[in-house]
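All remarks here apply to the structure that follows.
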Amino acid sequence: MKSKKLLLPAAIAGVLAMSLTACGGGGGGGGSASSGGGLSGDAANNLDGRGPITYVQGKDNSNVVRPLIDKWNAAHPNEKVTFKEQSDQADQQHDDLVQNFQAKNPNYDVMSVDVVWTAEFAAKGWLQPLKDKTSIPTDGMLDATIKSATYNGTLYAAPQSSDGGILYYRSDLVPTPPKTWDEMMSMCSIAKAHNIGCYAGQFQKYEGLTVNAAEAINSAGGKIVDDSGKAAVNTDQAKAGLNNLVQAYKDGNIPTEAITYQEEQGRQAFEDGKLLFLRNWPYVYNLAKTDGSSTVKDTFKMAPLPGKSGPGASSLGGHNVAMSVYSKNKATVSDFLKFITSEETQRFYATQGSLAPVLTKLYDDQALVAKLPYLPVLKTSIQNAVPRPVTPFYPAVTKAVQDNAYAALKGEKSVDTAISDMQKAIESAGAK
Amino acid sequence: MSTELQKPKTTAGGGQKLPGRESADRKEATQGRWAYTLLAPSLVLLAIVIIYPVINAIVMSFQKDSGLDATTGFFSEGGPAGFDNYIHWLVQQCTAPGGGSVACPPGTLGAQFWDSMGTTFFFTLVTVAFETVLGFWMAIIMARAFRGRSLIRAAVLVPWAIPTAVTAKLWFFIFAFEGIANKLFGTQILWTGSEWPAKWAIIIADVWKTTPFMALLILAGLQLIPDEVYEAARVDGASTWQRFRLITLPLVRPALMVAILFRVLDALRMYDLPAIMTQGANGTTTLSILVVQQIRQGFNTAAALSTITFLVIFLVAFIFVRFLGANAVDAATSSGKAK
Amino acid sequence: MTTATVSRTSATSTDRPKRPFNWGSFRTYISAAIILIWCLAPFYWMVVTAFRDVGFTFDTTPFFTHVTWDNFATVFDESLGNHFGKNLLNSLIVGVVTTVVALVVGVFAAYALARLNFRFKFVVLGFILGASMFPGVALVTPLFQLFTNIGWFGTYQALIIPNISFVLPLTVYTLTSFFREMPWELEEAARIDGCTQGQAFRKVILPLAAPATFTTAILAFIASWNEFLIASQLSNDSTKTVTVAIAYFAGSQPHQEPYTAVMAAGTVVTIPLVILVLIFQRKIVAGLTAGAVK
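Chains as they are written, first to last, in the working numbering: chain V, 2 to 433; chain R, 2 to 340; chain D, 105 to 398.
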């Protein structure tokens, strides 16, 4: 893990890989000998293959996958898609994919991949680069979604669905929503006057804190990693961003108990009328409108996240669809990817599954907005969104962000120390 | 393993004779073969499910995890690691960006090794101390004859029978900010959100769940003490405290030590409660949690950590048996003769 | 249901007839009441919450209010992604197979350890006890990789095999304690009557050992049923056990922490165990504390 043999010639790496498979390293398949531009190894095979394929995705809770596949199969009787449904738990989906990639399973042709796994799988050499014969059209897609599917300058997956943070606010107390962070903080006196908390997001030490800390840092003009995946968080902008959260917590503008909040606790507090502002995902909208216990049914609205001088930079959620290098029918998979990203499918995702589309123009579609009233706000949010760090070491990077942001929030270390520790921890994650 | 152990005594050939006629040696030999035949399935099975994985883990722990090849952007295999993985944990050294090594920065798993070692031992010490005292008290109550005694004995089995995962969710709910614990005591404590309350929430849940086990083991020890001993002491005018200190404690000590040994070793591998209640946040990362978190960042480094964890637990067990006289083996073998 | 058993048990235990008020026994009753509340109150709260309408999750009324079966419906609602019936079946399969294997194998080992004299007995016992104290994480890491390599992920054996590593030692240890308390004079008598040691074992000891074996089976099953660490790492959707399912329960919405449904699931998982424990209370106590009772 702490090896620094980065310059080993590819041949030696290959020999080592072979000699070590018996003892098992966790590492990747055929990609290690690849050299830059052209395709090699498994990625070069079966590019014209056509035939039945299998689509792998986590639990299909809103029943969107089956109708889509039925539709595809009706049109492609010789290239039918079989749906392999995974667990509803992200960790288990991840492990299931890793195991099948390691086994070079040719029956896992095309899979739905969480945006934060894309880089890892690409770096392991498991994902087919989407270029040349297997390329897909990406015009009209939201920038951030394409970025989340891109590793080392190459597109490795097709954006499938998106998600972004939204600011929910009490429209009965705040007539016009704040556009900037400072503006929002100045409105906290209203919260105090009504004896409720001012702002909350997800500040418990888990993935949600990475999302929120990244939003604070990105909104202030900082970044966590640069385009090549290197740690780049040790900047004044990043410090200023994190400091916004830390200061708000210290001032009580973020209530004390918010440090235990995941999405649900925040939603609960907001619905109980205990919060003026809440950063959360679009799913809250319907619940807050319809929940029996919601006290804010008609007294809340949505706005883009506040930033430094305009809309803030939301972190991006959602999934990409990727093609396995071990697939035998890559031409079929390629068509299937185009089908998934098509306007028609994207519209179906939105209406049937309430999944945010990746195509910009659907956000202005009147029929869709009627069904999902948060779309216009979400559009602003996702247009300004920044993917979470695109790095093959995502588990280590998210830990570096969470641990240090959490310590800073709680006042255990200064913002400066937290950011510089974050930088070092991310560097050490990449230096293996 | 079993074959090697059988070897020394395989001379005696003949069939079964009446036991009294055999020389002690011969008896042990025939019994020995019979014994190892009976033991073989268990020993072989345990060898497969424990020894093989352990050896596998040790082999893995001397391999590097695959790393990113900077020139291609792809992963490549790691190669032999020597003791690097162990050094990584024990002295908390991580690879520096430019090569060489630096102290693991906060926010890496490596930086948490000694913290989680401390947390693990803290949990162990505190929970076992509470469980011993509370368990002793419960055992003394349960040993008394009173109406409804069997009700109490059934009731203490309830927490014991509830799966730890359910226990964790239950106490997580009780300790929610708006939960019953805060409402009952009129407090505003962020039980799972700040360091000491989180530790205590886990300790309370663990004590609730496992004290019954302790109490029942101690009760068993108490019931071994004949009533006549107490009667005699009472006749001699010993006070309650004297009876406890001079009779109960010494006589129950073997059972107590075994119970403590079991609980200590169990507490040292604590995983379920913190994993579900806090995900290891707020200073509740135990060694077991650290291992599981590391598995997804690299098997081989995780294997080194799990080997270290195993050695630590082994060492504690050794110290217990060797120096504190917790002899579980004796407890299991000393047959009813003592009675 | 608890109360029903309560009244029955207390009615049958007639230790003492009426007698004058006694402060010592009063203190005992106070202590007993404290133990009772401490042990049962959290469990009671789980059941109350399980039957409470989700909109009143944090209501603190200490008795059943806003009673509903909805939470149980949620637990088994497949459209929410909860395959709780399947999870129960998985736990049952893993628990039963583990228990049967451990018992079949362990009963012989326990007999040898309790009854026979042989060299290295202490080594063997030490090894078996050591195995029972073995940390699960030390198995998870290598098995995670091994099962990945041989494609055993998502199979029952991937859960049963590691479970045996801690259930078998427990079984052997408990049975050994039981066996050494048994009336072995009968075996001697059988042998004097001409039985071989093997015959004596089959015809005399096995029938005598049946109750002890049954108790051990309960303990082994509970241990396996309650296992979490290994199942959480080595199961997939098709073999997920109840403990893992409860820990990662899905609400009707993403991100939702469905407290009431989780408590309902906890109740479903716990009630059979509690019933088992109440029915076999004496046996289980005897099993846990084998050696104490004459």
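Yeah, the Cβ is synthetic: ideal placement off N, Cα and C, and Gly gets one too.
Flagged as an interface residue toward chain V: D:Y352, by a C-beta distance shorter than 8 Å. Apart from the 5 residues on each side of it in sequence, D:S342 sits with its Cβ closer than 7 Å to the Cβ of G258 in its chain, given in chain order. A Cβ-Cβ distance of about 28 Å is found for the pair V:L98 and V:A406, leaving them out of contact under the 8 Å criterion.
For D:C143, the uninterrupted alpha helix (DSSP H) run begins and ends at 127-154, by DSSP.
When Cβ-Cβ separations below 8 Å define contact, V:G274 makes no contact with chain D. With fewer than 16 other CB atoms across the displayed protein chains lying within 10 angstroms of its CB, R:T241 is exposed. About 7 Å separates the beta carbons of V:P53 and V:T83, which is inside the 8 Å limit, making them a contact pair.
Only those residues of the segment 251-285 of chain D whose C-beta falls short of 7 Å from the nearest C-beta of chain V are listed: T252, N253, G255, F257. Here V:Q161 carries a strand assignment [DSSP, helix/strand/coil]. Apart from the 5 residues on each side of it in sequence, V:V378 sits with its Cβ closer than 7 Å to the Cβ of I167, M303, A304, P305 in its chain, given in chain order. Between R:V317 and R:L306, the C-beta spacing is not below 8 Å.
Looking at the DSSP output, V:G319 bridges to V:S163. A Cβ of chain D is located within less than 8 Å of the beta carbon of R:E179. Burial check for R:L274: the Cβ neighbour count within 10 Å reaches 16 or more, so the residue is buried. Identification of chain R residues near V:K425 by a Cβ-Cβ cut-off of 7 Å yields P106, ordered along the chain. At the C-beta level, V:A249 and V:M186 come within 8 Å of one another. Per DSSP, reduced to three states, the secondary structure at R:C95 is strand. Scanning D:Y215, D:K190, D:W142 for the CA closest to the CA of D:A314 turns up D:Y215. Under the three-state reduction of DSSP, V:Y200 is assigned to strand. Annotated as distal: R:L312 and R:A256, with beta-carbon spacing of 8 Å or more. The DSSP-derived three-state label of V:D97 is helix.
For V:K85, the closest alpha carbon among the candidates V:D96, V:M112, V:H77 is that of V:M112. Between D:A321 and D:T203, the gap from beta carbon to beta carbon is short of 8 Å. A direct Cα-Cα distance of roughly 43 Å separates V:L143 from R:L288. The criterion of a C-beta distance shorter than 8 Å is not satisfied by V:L363 and V:L356. Taking 8 Å as the CB threshold, R:T120 stays off the interface with chain V. For a cut-off of 8 Å, the C-beta gap from R:P164 to R:P213 is around 14 Å, too long to register as a contact.
In the three-state scheme derived from DSSP, where H, G and I count as helix and E and B as strand, R:P81 is classed as strand. Here the alpha carbon of V:L156 sits roughly 17 Å from the alpha carbon of V:S343. Residues of the segment 201-221 of chain V whose Cβ lies closer than 9 Å to any Cβ of chain R, in chain order: F204, Q205, K206, Y207.
Using a CB distance cut-off of 8 Å, R:M215 does not count as an interface residue toward chain D.
Scanning its chain for C-beta atoms nearer than 7 Å, with the 5 sequence neighbours on each side dropped, one finds around R:A260 the residues M215, L218, I219, in chain order. In this chain, V:T333 is not harboured by any beta strand (DSSP E); it is covered by the alpha helix (DSSP H) spanning 331-342. When rounded, the separation of the alpha-carbon atoms in V:P256 and V:L279 is 11 Å.
For V:I54, the beta-bridge partners assigned by DSSP are V:V82. Listed in chain order, the positions of the segment 291-319 of chain V with a beta carbon within less than 8 Å of a beta carbon of chain D are D292, G293, S294.
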